Amino acid sequence: MDLRRNEGDGETSRRSAEAESRSRLIESRHAVFWLILLVATMLALALFKDILLPFVTGILMAYFLNPLADKLERTGMSRTIAAGLIVAVGGTLLVAALVLLAPLLAAQLEALARSLPGGIERGRKAFESMAQERLGSHFAMLQAAIDRAVTEVQNNGSTLLTYVATVLWSRGAALINVLSLVLITPLVVFYLLVDWHPMLERVRSWLPRDHAATVENLAGEINDSVAAFIRGQGAICLCLGVFYAVGLTLVGLDYGALVGLATGALAFVPMVGWFVGTAVAIGIALIEFAPKLTPVLTVLGVMVAGMAFDTAVLSPRLVGQKVGLHPVWLIFALFAFSYLFGIVGTLVAVPVSAALAVVTRFGIARYLESEVYRGRAPAAVAALRPEQLP
515 MDLRRNEGDG ETSRRSAEAE SRSRLIESRH AVFWLILLVA TMLALALFKD ILLPFVTGIL
575 MAYFLNPLAD KLERTGMSRT IAAGLIVAVG GTLLVAALVL LAPLLAAQLE ALARSLPGGI
635 ERGRKAFESM AQERLGSHFA MLQAAIDRAV TEVQNNGSTL LTYVATVLWS RGAALINVLS
695 LVLITPLVVF YLLVDWHPML ERVRSWLPRD HAATVENLAG EINDSVAAFI RGQGAICLCL
755 GVFYAVGLTL VGLDYGALVG LATGALAFVP MVGWFVGTAV AIGIALIEFA PKLTPVLTVL
815 GVMVAGMAFD TAVLSPRLVG QKVGLHPVWL IFALFAFSYL FGIVGTLVAV PVSAALAVVT
875 RFGIARYLES EVYRGRAPAA VAALRPEQLP
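All residue numbers for the sequence shown refer to this note's numbering, where the first residue is 515 and numbers rise by one.
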């Protein structure tokens, strides 16, 4: 009796081990399939990165505007009419903003380019005056170093600008990108808004049936994370751009509107945009107001007030805790994707990094539940035959 029972237990253990082996083989094949798909996608992005800009921009804009199209559709409006209305109104607002802001920004850029050499010279003289009072006889060495640095900047400035312009406009790529953004992106946005939900249903039908629920849950988390960041951080950039532009203009900083709007746009990368904008604003203030320190401190106060406003009000209300993206991870993703895929990589860095963060958290959770981390349960180990033990 005991012998038969032992043989039955052994057969059960063998079948269980075979089933577990087949399950692991299937999982490994799935992993290979998804890995191949990921590599193929990355290669396709690298191959077509020069022509993807209007399409990637259109996808991001359609994703951003889709909730508005849903609201209009719920009012009884046709989806096609709603998409056309959104594209038309958005294009009109963009053109109006360019008409109103472009002359101001262009004038400030031109004035900055004209006054920068003189401003640097004034700042240099003010700094030399203060340094001479502090250093006395040791000032000569510092002055020689300053003269060398200024000479290098003056000699290499025009060469650097020429090189940058050549790179940007080589083979007419920049002009083609601008034209494609103006002509193609609105069409991409319109058709994506019209077919958004049918496309999602089609993609959902392609999911492997055994893992459809898991993939849909992950997609929902990714959507929450990406939506919270793109829509929330986009609104933050707009608010901060207006705040900085108005504040810096009111305190009398030259090019305050230009610096403020640029700082707001750079706020898409948390903290980095603020540091860059503050450094530029303080530099212009030192050149403009030196040796007076009160206006410089006022400019710094505007920048600090903007950061406090963002930290205490804007970010908690508009972004919240749904994103789960550490600033260091976000900065690394922006650098990595822009290096690999250029401007297209910069556009997709945030949503892709958000998706990778969700998938990484899911993978870590699965790992913590697996035998690799927890080890085999004592009962399961006891049920194995001696030759099955590790």
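The C-beta atom is built at its ideal place from N, Cα and C for all residues, glycine as well.
Note that the structure is a prediction, hence the values are computed from the model and not measured.
CB contact flag (residue i, residue j, <8 angstroms)
{"i": "residue 776", "j": "residue 791", "result": "yes"}
{"i": "residue 783", "j": "residue 796", "result": "no"}
{"i": "residue 768", "j": "residue 798", "result": "yes"}
{"i": "residue 707", "j": "residue 882", "result": "no"}
{"i": "residue 583", "j": "residue 596", "result": "yes"}
{"i": "residue 922", "j": "residue 832", "result": "Nothing can be reported for residue 922, as the shown portion of the chain is limited to 515 through 904."}
{"i": "residue 786", "j": "residue 845", "result": "yes"}
{"i": "residue 794", "j": "residue 803", "result": "no"}
{"i": "residue 876", "j": "residue 820", "result": "no"}
{"i": "residue 710", "j": "residue 576", "result": "yes"}
{"i": "residue 752", "j": "residue 778", "result": "yes"}
Rounded Cβ spacing between residue i and residue j (contact assumed at less than 8 angstroms)
{"i": "residue 868", "j": "residue 743", "result": "6 angstroms"}
{"i": "residue 774", "j": "residue 764", "result": "Contact flag wrong, Cβ pair sits at about 10 angstroms."}
{"i": "residue 855", "j": "residue 561", "result": "Between residue 561 and residue 855 the Cβ distance is about 10 angstroms, and since that is not below 8 angstroms, they are no contact."}
{"i": "residue 754", "j": "residue 872", "result": "No, residue 754 and residue 872 are not in contact; Cβ-Cβ is about 27 angstroms, not under 8 angstroms."}
{"i": "residue 781", "j": "residue 770", "result": "At roughly 16 angstroms, the Cβ-Cβ gap does not stay under 8 angstroms, so residue 781 and residue 770 are not in contact."}
Neighbourhood of residue i by C-beta, 6 angstroms cutoff - its chain only, sequence neighbours within 5 removed
{"i": "residue 699", "result": "568, 571 and 572"}
{"i": "residue 847", "result": "863 and 867"}
{"i": "residue 740", "result": "865 and 868"}
{"i": "residue 826", "result": "none"}
{"i": "residue 843", "result": "none"}
{"i": "residue 564", "result": "none"}
{"i": "residue 604", "result": "none"}
Sequence-distant residues of the same chain with beta carbon closer than 7 angstroms to residue i, five excluded per side
{"i": "residue 829", "result": "750"}
{"i": "residue 685", "result": "Because the pLDDT of residue 685 is 44, which lies under 50, any placement of that residue in the model is unreliable, and the number read from its coordinates should be weighed accordingly. So no residue of the chain qualifies."}
Among the options, the one whose alpha carbon lies nearest that of residue i
{"i": "residue 574", "options": "860, 882, 887 and 603", "result": "860"}
{"i": "residue 788", "options": "803, 810, 823 and 801", "result": "823"}
{"i": "residue 566", "options": "884, 734 and 702", "result": "702"}
{"i": "residue 612", "options": "879, 696 and 725", "result": "696"}
Cβ-based neighbour list, residue i, same chain, cut-off 8 angstroms, excluding 5 preceding and 5 following
{"i": "residue 730", "result": "718 and 721"}
{"i": "residue 748", "result": "578 and 782"}
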